[in-house]
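Reviewing the structure listed below.
Protein chains: 2
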Amino acid sequence: MGRKRLQEPADGRPTVHTVAARAGVSIASASRVLNGIGGSPETIRKVRAAAAEVGYVPNAIARSLQSQRTGLVALAVEDIGNPVYVEMMRAIEAVVASSGRQLLVHATGGRIDNETALLRRLANRYVDGMIVSPIRVTDDHLTALVDSPVPVVVVGQLGADAAVDNVRTDSRHGVALAVDHLVASGRRRIGFVNGPLDTVPGAARDAGFRAAQARHDIPLDEDLIEVGDFQYVAGRAATERLLARADPDALVCANDLIAVGALHALLAAGRQVPQDVALVGMDDTELARMMFPQLSSVSLGSAERGHRAAELLLQRIADPTLPPRREQVPPSLAIRASSGTPLPAPRPAGPPTTHPSSEGVTA
Amino acid sequence: MGRKRLQEPADGRPTVHTVAARAGVSIASASRVLNGIGGSPETIRKVRAAAAEVGYVPNAIARSLQSQRTGLVALAVEDIGNPVYVEMMRAIEAVVASSGRQLLVHATGGRIDNETALLRRLANRYVDGMIVSPIRVTDDHLTALVDSPVPVVVVGQLGADAAVDNVRTDSRHGVALAVDHLVASGRRRIGFVNGPLDTVPGAARDAGFRAAQARHDIPLDEDLIEVGDFQYVAGRAATERLLARADPDALVCANDLIAVGALHALLAAGRQVPQDVALVGMDDTELARMMFPQLSSVSLGSAERGHRAAELLLQRIADPTLPPRREQVPPSLAIRASSGTPLPAPRPAGPPTTHPSSEGVTA
DNA sequence: CAGACTCCCGGAAACGTTTACAGCTATCGG
DNA sequence: CCGATAGCTGTAAACGTTTCCGGGAGTCTG
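Just so you know, the protein sequences line up as chains A and B, in that order.
Residue numbers for the first sequence follow the working numbering, beginning at 703 and rising by one.
Residue numbers for the second sequence follow the working numbering, beginning at 703 and rising by one.
Below, the structure written as structure tokens:
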């Protein structure tokens, strides 16, 4: 009796040993019954009873150590306050749930160390896989991604040849869609409110805007370009600065949060939207439809990207030997009240300020 | 040699055994070096080298099984799309990070089974503790909360005597603040757009509205009360229904998402805010300040509640024998442009529709 | 009625880590 | 020069679970 294993841990919580002892069977039998595989009726009864009496609840950590899986998948994004990530998350969640797993989200808050720390911690087996959408990518970061012990899928641009599953869009082209639309509506003094240039999306959108202007032979006026943060407050402030020194007849914003800030700044400055200034956001989140007037916005297919990323991840979890793959989702433009009705209206349209329809016209 | 432990698991990933063998030391020494405790200079060198060569990365699951902690804390909320939870999350994150842990968020989507499933899964040791903010509470739920293997703190109303740490606010009183303010501004036909009555907050706010009306001797007009969902689209639809049958001069909304929907519906119907209809939201999220005009809103102290909940949780993790505690955060009212300037303006105010200040006057 | 087959059970190994313990060597004080 | 002490080291147990394997009992078949 002396060297017998301690049945009740100091912690007081029952283990499978506790219920096995109480039921008078071996831990193997207890485990089998608790997992619903085999066992004679009598054994089943005894084990179930014992488990109920002591309030047994299995230790998932121990189970995972044995089974080498946790049933959890993580998503790491910059900022959950941005509705675009919420939409992405919902799409991912749907796919992940269908595989019987649960999704956990972590907001990195753009603290890059935080993100790598998370990678190192979570990826070390706490989760079966991970989806990351970094807006800044360092080398340190990249190696952490590549030799993660657990499958990782990246949403967003990444160094060309990184050996990681990757779902991206073409936000340069997205900006071009917006500019084309505004030019076609007769706008010429098109302003651009961007996010930080040292982020991957910020840089891409800047390049896209300049290229589009050039393609339309519009001379570039740096006064019409302003940079802030990918946030509402910064977008509003940036727009105020821009309006103080220039007089745009249209504004392209690098995301919807910025666009909402711009709308606020415009209205506060007494400009009418879209009569005086046409406004186009980006990401096409619910936020764009919540505004009055509703905002035109370039969809970068966040939900679609999330969906694809989740599927890539599940496939890689199922077969880790798969070669790294890359998928691309094309942008599209949803035209709504904030940038006026398309010039030759194909169908009878009411006045733009009354009951704008929930559905944008997709270009 | 026959019964020697397998050094390279089928998986191919190196374990502490791999590096120990490669360094020519015992696993104990290897583990010590890797954890930075002790070891002769020579041993340290050899182990470090071996670890680097094979690309060793420790298995966090195994470590947790041994140490009985994971360094993770989870937050489970209804809907991350609602900015109120984002604010709460940020506050929680700050506290949790200061304890060296990381925060994971799960959106239950209101699927009650999902929430209990999450509780049972995560709480079974995957995380060191958990904060839950349920909007519907069933018995099943409650028992899952009470006998969770891991500390749990609930944010929101809960059955009076549940033995769980709990942080709440008084949203009945919050609604009263809104009504008082509107009545004081001379409004009499006050409408109310609420969320589902079978949710805890929905029921509380309904009771609060009725009580406040009664206190002001305003006869209750059921036509002025409408119920939808705690979402933008539902709020807009509910407001449209309400406007179709009644003519309010003010509207109280059960949260900011609903309030934004209401604003959209009002503007689309040609009503001026606040001239024709004064509007007050609830939760005082960033969304309220993003609108034009900015929305008055009843703050339920979400950030503060999150902060308190996180501290309660950390304390309970440190000492699980603590008796269950309950804390209460009082509501307050932020008055902004959507409900007009307070009648006797204490300081010179510009016209309400120009550049509304970012700061509301707190009642 | 013997052999084959099925079903159930318990012992023990395994997942990968940390750590208590004991043994060893080298150093130091007297 | 000897005993105490400090610092390293390796063996083995532990965390709580699942699962392989061999043995025993019962049933079916020829």
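Built from N, CA and C at the ideal position, the CB exists for glycine as well.
Predicted, not measured: the structure shown is a model, and the values here were computed from it.
Give a yes or no on whether 8 Å exceeds the smallest Cβ distance from serine 766/A to chain B.
Chain B places a beta carbon closer than 8 Å to that of serine 766/A, counting this residue as a contact.
Skipping 5 residues on each side, what residues in its chain have a beta carbon closer than 7 Å to that of serine 1059/B?
Here the model assigns serine 1059/B a pLDDT of 45, short of 50, so the residue's position is not dependable and the matter cannot be decided.
Glycine 757/B touches chain A at which residues, Cβ-Cβ below 9 Å?
Asp849
Please name the residue or residues paired with asparagine 868/B in a DSSP beta bridge.
Looking at the DSSP assignment, asparagine 868/B forms a beta bridge with Val856/B and Arg1028/B.
Can you give the Cα-Cα distance for tyrosine 787/A and histidine 808/B, rounded to whole angstroms?
14 Å
Does any residue of chain B have a CB that is nearer than 8 Å to the CB of glycine 983/A?
no
Rank Asp815/B, Leu989/B, Asn784/B and Leu879/B by C-alpha distance to the C-alpha of alanine 799/A and give the top, closest one.
Asp815/B
Short check: CB of valine 979/B to CB of valine 1000/B, under 8 Å?
no
Whose Cβ in chain B lies nearer than 9 Å to the Cβ of alanine 809/A?
Val788, Met791, Arg792, Glu795, Leu805 and Val807
Start and end of the alpha helix (DSSP H) containing isoleucine 960/A?
Judged by DSSP secondary structure, isoleucine 960/A falls within the alpha helix (DSSP H) whose first and last residues are 958–970.
Which residue marks the beginning of the alpha helix (DSSP H) containing glutamate 928/A, and which one marks its end?
No alpha helix (DSSP H) holds glutamate 928/A; the beta strand (DSSP E) holding it covers 927–929.
With DSSP as the reference, label alanine 825/A as helix, strand or coil.
coil
Along the beta strand (DSSP E) that carries histidine 808/A, what are the first and last residues, could you check?
Following the DSSP letters along the chain, one finds histidine 808/A inside the beta strand (DSSP E) bounded by residues 804–809.
Could you check whether the Cβ of glycine 930/A sits closer than 8 Å to any Cβ belonging to chain B?
no
Tell me the DSSP secondary structure of proline 1044/A in three-state form.
Its pLDDT being 43, under 50, proline 1044/A is placed unreliably in this model, and the value from its coordinates should be taken loosely. Three-state DSSP puts proline 1044/A in coil, outside helix and strand.
At the 8 Å Cβ level, is isoleucine 763/A part of the contact set with chain B, yes or no?
yes
Just list the residues that DSSP pairs leucine 997/A with in beta bridges.
Bridge partners of leucine 997/A: none, in fact.
Taking only beta-carbon positions, decide if leucine 965/B is within less than 8 Å of chain A.
So, interface residue.
Is it buried or exposed, valine 848/A, if we count other Cβ atoms within 10 angstroms and call 16 or more buried?
exposed
Classify alanine 753/A as helix, strand or coil using the three-state DSSP reduction.
helix
According to the neighbour-count rule (16 or more other Cβ atoms, all chains shown, within 10 Å of its Cβ), is threonine 987/A buried or exposed?
buried
Report the neighbours of valine 962/B on chain A: residues whose CB is nearer than 7 Å to its CB, in chain order.
Met992
Anyone know if the C-beta pair for methionine 993/A and cysteine 955/A falls short of 8 Å?
No; because the gap between Cβ atoms is not below 8 Å, this pair is not in contact.
So with CB distances below 8 Å, who are the chain B contacts of proline 785/A?
Gly783
Taking alanine 723/A as the reference, which of Ile739/A, Val756/A, Ser742/A and Ser887/A has the closest Cα?
Nearest option by C-alpha distance: Val756/A.
So with Cβ pairs under 8 Å, would you call glutamate 988/B a contact of chain A?
Cβ-Cβ to chain A under 8 Å: yes for glutamate 988/B.
Just curious, the beta strand (DSSP E) that isoleucine 833/A is in, first and last residue?
831–835
Rounded to the nearest angstrom, what separates proline 1044/A and phenylalanine 911/A at their Cα positions?
Since pLDDT at proline 1044/A reaches only 43, below the 50 mark, its modelled position is unreliable, and the value read off the structure follows with that caveat. Computed Cα separation, rounded: 21 Å.
Can at least three beta-carbon pairs, one atom from the stretch 867–875 of chain B and one from the stretch 957–964 of chain B, be found at a separation below 8 Å?
no
Would you list, in chain order, the members of the stretch 816–831 of chain B that have their beta-carbon closer than 7 Å to a beta-carbon of chain A?
Leu820, Arg823, Asn826, Arg827 and Tyr828
Please report the Cβ distance between methionine 997/B and serine 1040/B, rounded to the nearest whole angstrom; I am assuming they are in contact, meaning their Cβ atoms lie under 8 Å.
It is worth fixing the name first, because residue 997/B is leucine in this sequence and not methionine. Between serine 1040/B and leucine 997/B the Cβ distance is about 4 Å, and since that is below 8 Å, they are a contact.
Return no unless some Cβ of chain B is closer than 8 Å to the Cβ of leucine 953/A.
no
Applying a beta-carbon distance threshold of less than 8 Å, which residues of chain B neighbour glycine 773/A?
Arg823
Would glycine 741/B pass as a contact of serine 728/B if the rule is Cβ separation under 8 Å?
Against a cut-off of 8 Å, the Cβ pair of serine 728/B and glycine 741/B comes out as no contact.
Compute the Euclidean distance between the alpha carbons of arginine 1007/B and leucine 1015/B, then round it to the nearest angstrom.
So the alpha carbons of these two residues sit roughly 12 Å apart.
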